Structure formats: structure tokens, C-alpha cells
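*Asks:* Dropping the structure in here first, questions after.
In the numbering used here, the protein residues as written are 423 to 651.
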């Protein structure tokens with residue numbers, strides 16, 4: 423079975439998209455001027471990656487500022503005496519202790535569900551994921567309480583380096599697509615999925631530019647980084 427390599431060649435993706443879509447290509451040039459060059463590849467593609475730990479941290483970071491979430495994660499790590507969030511380490515603390523760290527009731531249920539699924543062998547590790555296509559990984563992870571499609575798509579893009587992900591429900595992606603195609607309103611997710619076919623097989627790289635285009639439309643320069651860890 424063929425294995426998926428983590429990451430892709432950004433210059434190749436840049437050249438392909440610039441020729442494939444003239445309107446997007448024009449915006450890419452504008453972004454490149456602001457960024458002093460094309461958006462680079464993500465160094466995390468070449469770093470060690472623990473899917474279960476990453477999902478646990480994604481749960482803890484949901485709907486919180488980075489600072490607040492980091493504080494809670496630090497308390498949890500102290501309570502479990504580990505920087506590795508897994509079923510065995512999270513199992514060292516009862517619910518009351520984790521709630522005392524600042525973990526909400528819903529997030530606690532999500533962490534317990536994640537831990538139980540890991541213990542049953544339902545969460546694919548990095549090696550298994552390398553042999554799975556995008557849809558299979560999404561199908562394996564979205565049943566976890568508190569983990570939605572968007573969270574898995576961010577993992578696919580920023581940690582697994584999958585080249586052809588387009589998060590069509592993401593507000594920034596939709597806003598960027600609206601700017602590129604000069605639409606009166608943001609495109610619906612279904613419409614964007616159809617439009618995005620023209621950016622394959624580098625929809626992940628197109629997404630980086632769509633986020634940046636949306637940032638330009640909103641105001642000050644912002645760094646492209648939608649990963650939750």
C-alpha cells in the first residue's frame with residue numbers, strides 16, 4: 423500500500439496555482455509582496471508528531487485564547503506529571519482534579535472519550551495514518567467527542583502536510599475565496615468545494631493564500647497559522 427509523504431514542495435505548488443488560476447495568481451503576487459516572498463512550507467511537517475496528544479491539546483485549546491489555554495494545559499501536565507496527554511497519563515487524575523485545572527465539563531468528557539478510544543485502539547498512530555487517505559483519517563477521528571472536521575483538517579494540513587485539503591467551512595477560507603472571485607457574498611461550502619477543484623492537487627497551499635487574502639481584506643498583517651497546538 424502506498425504511503426503518504428508528509429509535506430509537499432511549496433515552489434511547485436506556487437507555480438502550479440499561479441498558472442492554474444489567474445485571479446488567485448494575481449492575489450498571490452500581492453501576498454508575496456507583503457510577505458517578502460511566497461508563503462513557505464511548515465517546519466512541523468518534519469517534526470515528531472503524536473496524534474493523540476495533539477487531539478487532546480486541540481480539545482483543551484477550543485474556544486479559548488492561546489494564553490488561557492496554555493495555562494490550563496500547563497496545569498494538566500503538572501497534575502498528571504507528564505507532558506504526554508494519553509489515556510494512561512490522563513487516567514492518573516480523577517475528574518475533580520482535571521476540573522480544578524480549569525478543564526470545562528464538556529472538554530473533560532471529550533478528553534475521557536479520546537482516552538477510551540485510544541485504549542481500545544481506535545485512534546490511528548502516525549504510521550497507520552501514513553497509509554490512510556484524507557477521508558479515512560477524517561472518518562476515524564470525527565467520532566471523537568469534541569473533534570470536528572475542521573480540527574482534523576488542520577491536523578492534515580499543518581502536521582501531516584497533506585497537499586490537497588480545502589477547509590470549506592472555514593470563515594477565512596470562504597472570505598478569501600469571495601475576494602478572489604469578487605463575489606457579493608461569501609460562497610456556500612458546497613459551492614466553494616466545487617470551485618476549489620481548480621486548485622487541486624494543491625488546495626492546502628491555496629488555503630494558506632486564501633487565509634492571507636482574508637487577512638488583507640480585514641486589515642493588519644497577520645501570520646498564517648491555524649493549527650491548535
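The beta carbon of each residue, even a glycine, is placed where N, CA and C say it ideally should be.
This one's a predicted model, so the numbers in the text were calculated from it and none came from an experiment.
Expressed to the nearest angstrom, what Euclidean distance is found between the alpha-carbon atoms of residue 603 and residue 428?
*Replies:* Rounded to whole angstroms, residue 603 to residue 428 spans 31 Å at the Cα level.
*Asks:* Whole angstroms is fine: what's the gap from residue 607's alpha carbon to residue 505's?
*Replies:* Approximately 44 Å, taken between the alpha carbons.
*Asks:* What did DSSP end up calling residue 544 once you bin it into helix, strand or coil?
*Replies:* Three-state DSSP puts residue 544 in coil, outside helix and strand.
*Asks:* Helix, strand or coil, according to DSSP, for residue 429 in the structure here?
*Replies:* In this structure, residue 429 counts as coil in the three-state DSSP scheme.
*Asks:* Just to confirm my understanding: we take residue 627, look at its own chain, exclude 5 residues before and 5 after, and list those with CB closer than 6 Å. What are they?
*Replies:* Hits under 6 Å: 435.
*Asks:* Would you give the residue range spanned by the alpha helix (DSSP H) that residue 611 belongs to?
*Replies:* It spans 611-617 - the alpha helix (DSSP H) in which residue 611 sits, taken as one unbroken run.
*Asks:* By a C-beta neighbour count over all protein chains shown, 10 Å radius and 16 as the cutoff for buried, is residue 543 buried or exposed?
*Replies:* It counts as exposed.
*Asks:* Which value, in whole angstroms, describes the spacing of the CA atoms of residue 552 and residue 456?
*Replies:* Each residue's Cα considered, the two are about 35 Å apart.
*Asks:* Do you know offhand how far residue 614's Cα is from residue 620's?
*Replies:* Each residue's Cα considered, the two are about 10 Å apart.
*Asks:* Relative to the C-alpha of residue 424, which candidate in 529, 507, 554, 495 has its C-alpha closest?
*Replies:* When each option's Cα is compared against that of residue 424, the closest is 554.
*Asks:* For residue 439, count neighbouring Cβ atoms within 10 angstroms of its own Cβ and tell me buried if that reaches 16, exposed if not.
*Replies:* It counts as buried.
*Asks:* Helix, strand or coil for residue 668? Go by DSSP, reduced to three states.
*Replies:* This structure cannot settle anything about residue 668, because the visible part of the chain is limited to 423 through 651.
*Asks:* Quick check: the segment 464-473 against the segment 577-594, are there 3 or more CB pairs under 8 Å?
*Replies:* Yes, the segment 464-473 is in contact with the segment 577-594.
*Asks:* Distance check for residue 489 and residue 527, CA to CA, integer angstroms please.
*Replies:* Near 20 Å, if we compare the C-alpha coordinates of residue 489 and residue 527.
*Asks:* What is the residue span of the alpha helix (DSSP H) that residue 470 lies within?
*Replies:* Careful: residue 470 lies outside any alpha helix (DSSP H) and carries neither H nor E.
*Asks:* Excluding five sequence neighbours on each side, which residues of the same chain lie with their C-beta closer than 6 Å to the C-beta of residue 622?
*Replies:* Excluding positions up to five away in sequence, the list reads 586.
*Asks:* Considering only residues of the same chain and omitting the five flanking positions on each side of residue 513, which have a CB-CB separation below 7 Å?
*Replies:* Same-chain partners within the cutoff: 537.
*Asks:* DSSP three-state label for residue 582, please.
*Replies:* Residue 582 falls in the coil class under three-state DSSP.
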